[in-house]
Amino acid sequence: MATVSDLNQQLGYLVELAIISPKRRDLYLKAIPKLTVEEKLSFSLDLWHLLLMKMEGEVQQKMEEEIRELAENPDKVYYKKNFQKIPDEVLRGLIRERMEIRDEDEIRRIRDVLKGLESKLEIITKSASEAREVIQSHVK
Numbered sequence: 005m006a007t008v009s010d011l012n013q014q015l016g017y018l019v020e021l022a023i024i025s026p027k028r029r030d031l032y033l034k035a036i037p038k039l040t041v042e043e044k045l046s047f048s049l050d051l052w053h054l055l056l057m058k059m060e061g062e063v064q065q066k067m068e069e070e071i072r073e074l075a076e077n078p079d080k081v082y083y084k085k086n087f088q089k090i091p092d093e094v095l096r097g098l099i100r101e102r103m104e105i106r107d108e109d110e111i112r113r114i115r116d117v118l119k120g121l122e123s124k125l126e127i128i129t130k131s132a133s134e135a136r137e138v139i140q141s142h143v144k
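As structure tokens, this is what we get:
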């Protein structure tokens, strides 16, 4: 079972990754311990949404660059794995850029934390959808 300290640390990682402005990032990091668990969960959902939007945009841009290179260079060979590895490269770059981490073990650890948060997000989203359906069935 995750402790409040673990939740605060994981939320801090999300803030570091998702928030660009140093002033806003510091403000959010200072506010985390003061939030209720419900507020932390809601905030983490918002941060995940922001992070996923950033990553999707960057992945799309890199895929378009790869396609353009293939179109402009007829000698370049198409490899499916070049496209498949783009999302992971974007995540690694984002982690390095935002958290100034160069250690591969630390990057793997953070990726594992983020994957854990992502699975929790899926569970929370599913539970929220189910709760919404139950509430709507009683309202009708």
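Last residue of the sequence shown: 144 in our numbering, with the numbers rising by one and none dropped.
Even for Gly, the Cβ is constructed at its ideal location relative to N, Cα and C.
L55 - containing alpha helix (DSSP H), residue span: Sequence index remark: in the sequence shown, residue 55 carries index 51 (1-based). First-last of the alpha helix (DSSP H) with L55: V41 to E76.
Please report the distance separating the alpha-carbon of L74 from that of K27. Here residue 74 corresponds to residue number 70 of the sequence shown, with the count starting at 1. Here residue 27 corresponds to residue number 23 of the sequence shown, with the count starting at 1. Those two C-alpha atoms are separated by around 41 angstroms.
Using a 10 Å radius around the Cβ and a threshold of 16 neighbouring Cβ atoms, would you call S48 buried or exposed? The count along the sequence shown starts at 1 and reaches residue 48 at position 44. By the neighbour-count rule (16 or more Cβ atoms within 10 Å), S48 is buried.
DSSP three-state call for Y83: helix, strand or coil? Sequence index remark: in the sequence shown, residue 83 carries index 79 (1-based). Three-state DSSP puts Y83 in coil, outside helix and strand.
Tell me whether the beta-carbon of M67 lies closer than 9 angstroms to the beta-carbon of L98. Within the sequence shown, residue 67 is the residue found at index 63, counting from 1. Within the sequence shown, residue 98 is the residue found at index 94, counting from 1. No, the pair does not count as a contact, with Cβ atoms beyond the cut-off.
Here's the rule: buried if 16 or more other CB atoms are within 10 angstroms of the residue's CB, otherwise exposed. What is A35? Taking the first residue of the sequence shown as 1, we reach residue 35 at position 31. A35 is exposed by the Cβ-count criterion.
Tell me whether the beta-carbon of Y32 lies closer than 9 angstroms to the beta-carbon of V41. By 1-based counting over the sequence shown, the position of residue 32 is 28. By 1-based counting over the sequence shown, the position of residue 41 is 37. Cβ distance not < 9 angstroms, so Y32 and V41 don't count as in contact.
S141 in three-state terms, based on DSSP: Sequence index remark: in the sequence shown, residue 141 carries index 137 (1-based). It is helical.
In whole angstroms, give me the CA-to-CA distance for V138 and T7. Here the question's residue 138 lines up with position 134 in the sequence shown. Here the question's residue 7 lines up with position 3 in the sequence shown. Their backbone Cα atoms lie some 30 angstroms apart in a straight line.
Is DSSP giving I99 helix, strand or coil here? In the sequence shown, the residue the question calls residue 99 occupies position 95. Three-state result, I99: helix.
What does the Cβ neighbour count give for V94, buried or exposed, with the cut at 16 atoms within 10 Å? As a first step, residue 94 is located in the sequence shown; it is residue number 90 there, counting from the start. Looking at its Cβ environment, which holds 16 or more other Cβ atoms inside 10 Å, V94 is buried.
Exposed unless 16 or more other CB atoms sit within 10 angstroms - verdict on L56: Counted from its first residue, the sequence shown places residue 56 at position 52. So L56 counts as exposed.
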